[in-house]
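Data first, discussion second: the structure below is written as structure tokens.
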Amino acid sequence: VYLASVDRPAAGRTRTGGRIAANVLALGTVSLVTDVSSEMVSAILPLYLVVGLRLGPAVYGLVDGVYTGATALLRLVGGYVADRVRRRKLIAGLGYGMSAVAKAGLLAAGTSVPALAAVIVADRAGKGLRTAPRDALITLSTPPGRLGRAFGVHRAMDSAGAFAGPLVAVAVLAASGQAFDAVFVVSGCVAAIGVLVLILFVRDHRSPAPAAARVGPRAAAGLLRHGGVRMLLLGATLLGLATIGDGFVYLLLSRRADLATGWFPLLAVGTSLAYLVLAVPLGALADRIGRPKVFLGGYAALLTVYLLLGTAWGGLPALVTVLILYGVFYAATDGVLMALAGPLLPAELRTTGLALIQTGQALAYLVSSVLFGLAWQWWNVTGAIRAAAVAAALTLTVSAVVLLRRAPAEDAR
Amino acid sequence: MTPRHRALLAGAVSALLIAVAVGYVVVAGHRGPGPAAAGPVVDAGPGDRILFRSTAPGSYGRVGVVDRSSARTVSGVDCDRVYGAGGTVICLRPDGPLATYQLAVLDARLAVRDTYPLVGVPNRARVSPSGHVLAWTVFVTGDSYNGGRFSTRVGMLDTVTGQTVDTLEDFTVTRDGRRYRAADLNFWGVTFADDDHFYATMSTAGRRYLVAGDVAARTVRTLADNVECPSLSPDHRRIAFKAAIGGDPARGWRLSVLDLATMTRIPLAETRSVDDQAAWSGDGTVLYALRRGTRAADVWSVPADGTGTPAILIPDAESPAALRG
Chain A
22 VYLASVDRPA AGRTRTGGRI AANVLALGTV SLVTDVSSEM VSAILPLYLV
72 VGLRLGPAVY GLVDGVYTGA TALLRLVGGY VADRVRRRKL IAGLGYGMSA
122 VAKAGLLAAG TSVPALAAVI VADRAGKGLR TAPRDALITL STPPGRLGRA
172 FGVHRAMDSA GAFAGPLVAV AVLAASGQAF DAVFVVSGCV AAIGVLVLIL
222 FVRDHRSPAP AAARVGPRAA AGLLRHGGVR MLLLGATLLG LATIGDGFVY
272 LLLSRRADLA TGWFPLLAVG TSLAYLVLAV PLGALADRIG RPKVFLGGYA
322 ALLTVYLLLG TAWGGLPALV TVLILYGVFY AATDGVLMAL AGPLLPAELR
372 TTGLALIQTG QALAYLVSSV LFGLAWQWWN VTGAIRAAAV AAALTLTVSA
422 VVLLRRAPAE DAR
Chain B
16 MTPRHRALLA GAVSALLIAV AVGYVVVAGH RGPGPAAAGP VVDAGPGDRI
66 LFRSTAPGSY GRVGVVDRSS ARTVSGVDCD RVYGAGGTVI CLRPDGPLAT
116 YQLAVLDARL AVRDTYPLVG VPNRARVSPS GHVLAWTVFV TGDSYNGGRF
166 STRVGMLDTV TGQTVDTLED FTVTRDGRRY RAADLNFWGV TFADDDHFYA
216 TMSTAGRRYL VAGDVAARTV RTLADNVECP SLSPDHRRIA FKAAIGGDPA
266 RGWRLSVLDL ATMTRIPLAE TRSVDDQAAW SGDGTVLYAL RRGTRAADVW
316 SVPADGTGTP AILIPDAESP AALRG
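Top to bottom, those sequences are chains A and B.
Take the position in the first sequence, starting the count at 1, then add 21; the result is the number in this note's numbering.
Take the position in the second sequence, starting the count at 1, then add 15; the result is the number in this note's numbering.
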């Protein structure tokens, strides 16, 4: 189904009017298929470890909590290597391939906890490795003025896959009499299709080799001396500090709305749905009115979420409002940030630059989620969410000053 | 390669991969023990017997009992986790073909008295000695607050009064004598002293505690550090538990016994890592399951005083519960 939709524009090869580049659609298809595969496994992994292998709570935490830190470093190295050898498709392909092989590794690991942890690390490392080269390819395949919408389309396809994955997993479990290995085999086959689509339909952008000195450690470090890049990194990292994480938001929401625990997983589904629907229109809006405005608007939506969670407003209307706003936050920030960063970065160092900004955000989020947990412990739920709202208002103000200063230059482009 | 060739190649290889996936699902679907037959009547009432879950190929997942002479009777009832006491059996099992679970309350003949839907993936189950109060632990997915930490919930049900505890996280917690609040509280592995008093594991801030709880007062307080999955002896004087080696679960667990009067710990003779909530067979012997591969397990027994050697008590079985008279 997806292949047919990619083939037509790929055959056309022309980029006219408002068309989304064939390469972006191909990358979107790869992400869609890969997310079906990986979300299938994520959805049943706890089930497999606990019911299938009888692992106790502490081991589950151990396997589940393997580090974001290691993958953050790998993301940076991957981004730099992709630029250095000028093979973004190859590095992205390695990342996708690594995750596909990890699905088979889950079967091979058996009940060995270290082996299971290693396989899960490999899967996440693959994800870390592929994100920046993939986003760099999107920016290199799209005229700068249409980047917002291109990322919107890609992220919408990506979340459609994430949406379908758990449903496929449940269907496989039902059809196979609760056989976990069947889920892993199906997931592995689906991941292989994703790699196949990447190999056959995604085109690498191999610009003529720049002087070697231009892609070296010095040049990479030089990115930080570029005013625009530094401001964006600062703004994105500051705003990363304002995010407390999905888990906390949903937990607070379920308490506020007095939600029965059975509905808990549906909160994430609601957000994904809003993200899925809003990614393209908000991306297009960012192209029209300026990406910094939409990006900051996304964080304003997040601030509103915190403020609403800090009030006594409850019930279904509050729940729906918060989920839509949270979806707006994702749709207005995730892809838009990449669209904002792309044109600022020199083409030969684009992957490194994107990886740097993604890593800055991820590490800031790690810090803020830990701080939020501590705040919750020191005060209480209300105190913690109010502190988060204050922090979000502060970082939003500073980032607005930093990012909007660049806005006229970008709009003039 | 022309775009047409590329599309053909992609179509052909994808079709092959999908065929492999579908074929595997179909084969896996025909591997189970077959439809539940009306098995022989099993007596799970009080007596000198041990209740278990079979992992033998022909009766995988079925509940059975062995008596003193090791005679094994396996019923037609499927459970993922089972425990029994006082004529009541708790059975955690899949609810329909989808990945949801239910708690089934069974009588001494394993007939279903009642079922309740469970939210999350079931992990531990216990019944109070009277057979009146049930407790269970589930993993709740999508509820990980912080960088992928796991989250567990303990629920309780009094089958006589109908009163329920949704989650122990709502109880008032006293840690080391002081009131304690935290977002990262997790509870698992309840063991009952009576219908109102219990012990369990509480984890917070990376540490795992033994807690004593009171259902009526809705309180828990910490008693000791590094005690997981407690199991109270029939004489209420000792607790069998798994101790993380060096306090680090990554290094595995040593099955141990804690004396509640002196708070001294004795490591038992089992040196392999035991990741299970143990059960007592009389006051002198501890029972536990050890995995053998991804599906099979055996129930082992070892003296509770640190002497002797472990021995297989019930082959191809797990989830042991001694049904005392």
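For every residue, glycine included, the Cβ atom is placed at its ideal position computed from N, Cα and C.
It should be emphasised that the depicted structure is a prediction, and the values quoted were computed from it without experimental measurement.
Ala208(B) versus Val42(B), Leu275(B), Val127(B), Gln178(B), residue with shortest Cα-Cα distance = By one-based count along the second sequence, residue 208(B) stands at place 193. Considering only alpha carbons, the answer is Leu275(B).
ask   = Is it buried or exposed for Met16(B), if we count other Cβ within 10 angstroms and need 16 for buried?
value = Locating residue 16(B) in the second sequence gives position 1, counting from the first residue. Result: exposed.
query = Since Ala203(A) meets chain B, which of its residues come closer than 7 angstroms, beta carbon to beta carbon?
reply = For the purposes of this step, residue 203(A) is taken as residue 182 along the first sequence, with counting starting at 1. Correct list: Tyr39, Val40, Ala43.
query = So with Cβ pairs under 8 angstroms, would you call Ile33(B) a contact of chain A?
reply = Position 18 of the second sequence, counting from 1, holds the residue named residue 33(B). Closer than 8 angstroms: yes.
message = Going by DSSP in three states, Arg194(B) sits in which element: helix, strand or coil?
response = If you number the second sequence from 1, residue 194(B) lands on position 179. In the structure shown, Arg194(B) sits in a strand (DSSP, three-state: E or B).
task = Closer than 8 angstroms by beta-carbon distance: list the chain B residues that pair up with Ala200(A), in chain order.
result = For the purposes of this step, residue 200(A) is taken as residue 179 along the first sequence, with counting starting at 1. Near Ala200(A) (Cβ distances below 8 angstroms), the residues of chain B are Val40, Ala43, Gly44, Arg46.
ask   = What is the DSSP secondary structure of Ile329(B), counted as helix, strand or coil?
value = Taking the first residue of the second sequence as position 1, residue 329(B) is located at position 314. Residue state, collapsed to three classes: strand.
request  = Would you be able to state if there are at least three C-beta pairs under 8 angstroms between the region 367 to 375 of chain A and the region 142 to 160 of chain A?
outcome  = yes
task = Give the DSSP-derived three-state secondary structure of Gly163(B) in the structure shown.
result = Start at 1 with the first residue of the second sequence, and residue 163(B) comes out as number 148. Note that Gly163(B) has pLDDT 44, beneath the 50 cutoff, so the model's placement of it is unreliable and the number below is only indicative. Three-state result, Gly163(B): coil.
message = Rounded to whole angstroms, what is the Cα-Cα separation between Asp211(B) and Gly101(B)?
response = Along the second sequence, one-based indexing puts residue 211(B) at 196. Along the second sequence, one-based indexing puts residue 101(B) at 86. In a straight line, the C-alpha of Asp211(B) is about 15 angstroms away from that of Gly101(B).
query = Based on Cα-Cα distance, which residue from Ala333(A), Leu259(A), His226(A) lies nearest to Arg108(A)?
reply = Sequence index remark: in the first sequence, residue 108(A) carries index 87 (1-based). Taking only the C-alpha atoms, the option nearest Arg108(A) is His226(A).
task = Reducing DSSP to helix, strand and coil, say where Ala100(B) ends up.
result = The count along the second sequence starts at 1 and reaches residue 100(B) at position 85. Strand at Ala100(B).
inquiry  = Could you give the first and the last residue of the continuous beta strand (DSSP E) run that contains Tyr69(A)?
reply    = Along the first sequence, one-based indexing puts residue 69(A) at 48. Careful: Tyr69(A) lies outside any beta strand (DSSP E) and carries neither H nor E.
query = Distance, Cα to Cα, Ala25(B) vs Val218(A)?
reply = Within the second sequence, residue 25(B) is the residue found at index 10, counting from 1. Within the first sequence, residue 218(A) is the residue found at index 197, counting from 1. Roughly 7 angstroms between the two C-alpha positions.
task = Decide if Ser218(B) is buried, meaning its Cβ has at least 16 other Cβ atoms within 10 Å, or exposed.
result = Position 203 of the second sequence, counted from the start, is the residue given in the question as residue 218(B). Counting Cβ neighbours within 10 Å, Ser218(B) comes out buried, since at least 16 surround it.
ask   = For Thr88(B), which residues from the same chain have a beta carbon less than 7 angstroms from its beta carbon, with the 5 sequence-adjacent residues on both sides left out?
value = Indexing the second sequence from 1 puts residue 88(B) at position 73. Answer for Thr88(B): Pro55, Val57, Gly79, Val80, listed in chain order.
key: N-terminal and C-terminal residue of the alpha helix (DSSP H) that Met217(B) is part of   = Against the second sequence, residue 217(B) aligns to sequence position 202. Segment 212 to 219 is the beta strand (DSSP E) holding Met217(B); no alpha helix (DSSP H) there.
ask   = Within 8 angstroms (strictly less), CB to CB, does Asp240(B) reach chain A?
value = Here residue 240(B) refers to the residue found at position 225 when the second sequence is read from its first residue. So no, Asp240(B) is outside the interface.
message = Can you confirm whether Gly162(B), when its beta carbon is compared against all beta carbons of chain A, has any partner nearer than 8 angstroms?
response = One-based indexing of the second sequence puts residue 162(B) at position 147. The predicted position of Gly162(B) is uncertain, since its pLDDT is 41 and thus under 50; no value can be drawn from it.
key: Own chain residues within Cβ distance below 6 angstroms of Thr92(A), not counting five before or after   = Walking along the first sequence from the start, residue 92(A) turns up at place 71. Within the same chain, Thr92(A) has close Cβ partners Arg145, Ala146, Gly149.
ask   = Val140(A) to Thr277(B), Cα distance in whole Å?
value = Mapped onto the first sequence, residue 140(A) falls at position 119. Mapped onto the second sequence, residue 277(B) falls at position 262. Approximately 43 angstroms, taken between the alpha carbons.
message = At the level of alpha carbons, what is the spacing between Val301(B) and Ala123(B)?
response = Walking along the second sequence from the start, residue 301(B) turns up at place 286. Walking along the second sequence from the start, residue 123(B) turns up at place 108. So the alpha carbons of these two residues sit roughly 23 angstroms apart.
Near-chain B residues of the region 125 to 157 of chain A - C-beta to any C-beta below 7 angstroms = Gly131, Thr132
query = According to a CB-to-CB cut-off of less than 8 angstroms, which residues of the region 314 to 338 of chain A neighbour chain B?
reply = Per Cβ criterion, the list is empty.
ask   = How do the region 387 to 404 of chain A and the region 351 to 363 of chain A stand: do at least 3 beta-carbon pairs fall below 8 angstroms, yes or no?
value = no
inquiry  = Residues of chain B with CB closer than 8 angstroms to the CB of Asn401(A), please, in chain order.
reply    = As a working note, residue 401(A) is residue 380 in the first sequence. By Cβ distance, chain B contributes Arg196.
key: C-beta atoms of Thr167(B) and Thr152(B) nearer than 8 angstroms   = Translated into the one-based positions of the second sequence, residue 167(B) becomes position 152. Translated into the one-based positions of the second sequence, residue 152(B) becomes position 137. For Thr167(B) and Thr152(B), yes; Cβs fall inside 8 angstroms.
Helix, strand or coil at Thr237(B) according to DSSP, with G and I counted as helix = Taking the first residue of the second sequence as position 1, residue 237(B) is located at position 222. Strand at Thr237(B).
query = Using a Cβ-Cβ distance under 8 angstroms, would Arg21(B) count as near chain A?
reply = Working through the second sequence from its first residue, we reach residue 21(B) at position 6. Cβ-Cβ to chain A under 8 angstroms: yes for Arg21(B).
ask   = Can you tell me whether Asp181(B) is buried or exposed, with buried defined as 16 or more other CB within 10 angstroms of its CB?
value = Counting from 1 along the second sequence, the entry for residue 181(B) is found at position 166. Classification for Asp181(B): exposed.
inquiry  = Would Val211(A) and Val193(A) qualify as a contact pair, given that the criterion is a beta-carbon distance under 8 angstroms?
reply    = Residue numbering aside, residue 211(A) sits at position 190 when the first sequence is read from its first letter. Residue numbering aside, residue 193(A) sits at position 172 when the first sequence is read from its first letter. For Val211(A) and Val193(A), no; Cβs fall outside 8 angstroms.
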